[in-house]
Structures are given as C-alpha cells and as structure tokens.
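Trainee:
Numbering (the UniProt record's numbering), first residue to last: 1 to 309.
Okay, structure coming up:
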C-alpha cells in the first residue's frame, strides 16, 4: 500500500491584497452537431412575455424530430451558450438520455439566465423529454451551472493532521456553511488544476504547487466520467475533487485560523477555518467535504495514492 511520506512540503500564504483574480475567456465551442432556425413571434398568453424567441434545433440523434427552443428576449444569449451546448452534447452522448431511442426531446423552455459579465453563468430551463412507450414526460427541470472543482487540503503539523475550510455566506440555504475551497470552471475549458490553484489562493491565501495535487475523482470508475454529481435530480453540476497534503509548522496553522479573504468586488465574504481532520466528517454538511473524505479514505485503503517525495 502506498503511503504519504513525512517529508515536509512548503506552502506560501499570501495577504489578500496580493491576490489577483485570474479570468479566462474562451470562445464557446461549436458542437457542429446541431442545425438551427430562428424566429420571433408575439405571445398569445397573458402569462408569457410580450413576445418570445423561437429556435428549431435538429439533433443528429433524432433527425426526424426537430426540437423547439422557446425563450424570452432577455434569454436570447442562453441558446448558444456553453452551458446549453454542453447539456445538448450530454444527452446525445453514448450514455446520454437519447442514446437508446426510448426517449425523445421535443421542446426546451428557457426560463432564466444569470450573467457574470458577458458570460452566461447560470441557466434555468425546462426540457420536455418524452417516454416514447407511454407518451409521458419525464421530470425535466434543469438548473445548469456547469463543472466545478474543490480541493481537500490536509496539513500535517506537530503530529496532527488539519483540514483547511472556508466559511461563506450562502444565501440559498440561508446561513453560512463550512466548505472546501472550490470554484466554477470557466466555459468548460477543462483546466481543473489551474482553476483549483486559483480558487485556493483567492479563498485561503495559500499558494499550492501543481505537482503536489492529486485528482481524487480520477480513481473512480471510468463509467462515472471521473466526476461526482451532487444533485442530479435538478442540477447539471459535475465536480472534480482534488487533494493536497503537506507538512507545515504550527505558525502556519495559527496564521490561517480566522483569516479573512475573498474577492469583495465579487461579493465574497470568506473566513478561513482550520479543523482537525479526524473531526471533519462531523463538522459540516458540505457535500464536497463528505465526498472527498469518502474517496480519499477508500483510495488510501486501496493503495491508489501516490508516494509523496
């Protein structure tokens, strides 16, 4: 079984004033799998917008069944965004919803869009997916936010292992939550490690080295896509869970405890917490934490973790 060595690994802690937001602007990838037609029409329903944009998509996987996409004008930019394109790609993949021909997609109603600058960040839509045998719709309400990454940071200090968490105000659940440092990927560009390093630095002030990172989700069976999905009944989010483990002095633990970080201009109000790893599983409801513990402990048990030099 592979084990971590006790060799000391250095990490750098930055003051928040030195942390700069790194942004990535990637063009939306054209899937080249979909043809579209566009039209605008007046709405006949008093409960709908005064007019709506209608698109017709022809999916290669169901060439004789066009898909109607309906959106209010304010949601116009959602139809070609990476979140929607990725969802269409997923349902047409080898293991996608439409793969075996038992289901069909007839219509998509785009209900809402949230922007980060010029980028569609969150997308809410309703997909009419039909069971061909019964003619009934299957549940199809989707909150699309795309892939994200989180990092389990374990620091050995004076014979004890600690975990670095962030406490953030989480309006959706109505209270602060202790979480792993985490962040959303930009436009599905796939830079898991780069995103992880940036988010850890922004949220904790710690600079980690790329060579010291381990992708815990890479140990999952390939059939999973090597991702974890926290809430597949309503959200498309897929998480990559990474691990960092190093050795530090007691002064580093003290510096981190209670440190206030976050990008204020982005509304981030973050406080760093350092907690003993052996108590971690009881201290937070954060699914990222609990999933990371489970995969880390099983990977350690099975000898999947690499030696650390």
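For glycine and all other residues, C-beta sits at the position ideal for the given N, C-alpha and C.
Since this is a predicted model, take the numbers as computed values, not measurements.
Would residue 222 and residue 287 qualify as a contact pair, given that the criterion is a beta-carbon distance under 9 Å?
Mentor: Position 222 of the chain shown holds residue 222. Position 287 of the chain shown holds residue 287. It is not a contact, given that the beta carbons lie outside the stated cut-off.
Trainee: At 3 residues or longer, and completely inside the region 149-187: list those beta strand (DSSP E) runs for me, N to C.
Mentor: Entirely contained in the region 149-187, the beta strand (DSSP E) runs reaching 3 residues are, in chain order, 160-170, 175-179 and 182-184.
Trainee: Identify whether residue 212 lies in helix, strand or coil by the three-state DSSP scheme.
Mentor: The residue you call residue 212 lines up with position 212 of the chain shown. Helix, per DSSP.
Trainee: Would the region 131-148 and the region 112-123 be scored as touching if the rule is three or more Cβ pairs under 8 Å?
Mentor: Yes, the region 131-148 touches the region 112-123.
Trainee: Report the rounded CA-to-CA distance for residue 213 versus residue 247, giving the unit in angstroms.
Mentor: For the purposes of this step, residue 213 is taken as residue 213 along the chain shown, with counting starting at 1. For the purposes of this step, residue 247 is taken as residue 247 along the chain shown, with counting starting at 1. When rounded, the distance between both Cα atoms is 14 Å.
Trainee: Our contact map puts residue 242 next to residue 177 with C-beta atoms below 8 Å; I'd like the distance itself, whole angstroms only.
Mentor: To locate residue 242, count along the chain shown from 1; it is residue 242. To locate residue 177, count along the chain shown from 1; it is residue 177. Incorrect: roughly 20 Å between the Cβ atoms, too far for contact.
Trainee: For a test of the three-state rule: what should DSSP assign to residue 250, helix, strand or coil?
Mentor: Position 250 of the chain shown, counted from the first residue, corresponds to residue 250. It is helical.
Trainee: Looking only at its chain, what residues have a beta carbon closer than 7 Å to the beta carbon of residue 115, apart from the 5 residues adjacent to it on each side?
Mentor: Translated into the one-based positions of the chain shown, residue 115 becomes position 115. If we look at residue 115 and ignore the five residues flanking it on each side, its Cβ neighbours are 121.
Trainee: Report yes if the C-beta distance between residue 130 and residue 93 is below 9 Å; otherwise report no.
Mentor: Taking the chain shown and counting its residues from 1, one reaches residue 130 at position 130. Taking the chain shown and counting its residues from 1, one reaches residue 93 at position 93. Cβ distance not < 9 Å, so residue 130 and residue 93 don't count as in contact.
Trainee: In its own chain, which residues sit with a C-beta less than 6 Å from the C-beta of residue 161, not counting the 5 before and 5 after it?
Mentor: The count along the chain shown starts at 1 and reaches residue 161 at position 161. Closer than 6 Å at Cβ, skipping near neighbours: 154 and 277.
Trainee: In angstroms with no decimal places, state the Cα-to-Cα distance between residue 73 and residue 83.
Mentor: One-based indexing of the chain shown puts residue 73 at position 73. One-based indexing of the chain shown puts residue 83 at position 83. Whole-angstrom Cα-Cα distance: 18 Å.
Trainee: Might you give, ordered along the chain, the residues of its own chain that have their beta carbon closer than 6 Å to the beta carbon of residue 159, omitting 5 neighbours on each side?
Mentor: In the chain shown, the residue the question calls residue 159 occupies position 159. For residue 159, where only same-chain residues beyond five positions count, there are no Cβ hits under 6 Å.
Trainee: Short of 7 Å in beta carbon distance, which residues of its chain neighbour residue 141, apart from the five on each side in sequence? Order them along the chain.
Mentor: The residue given as residue 141 occupies position 141 in the chain shown. So the qualifying residues of the chain are 126 and 234.
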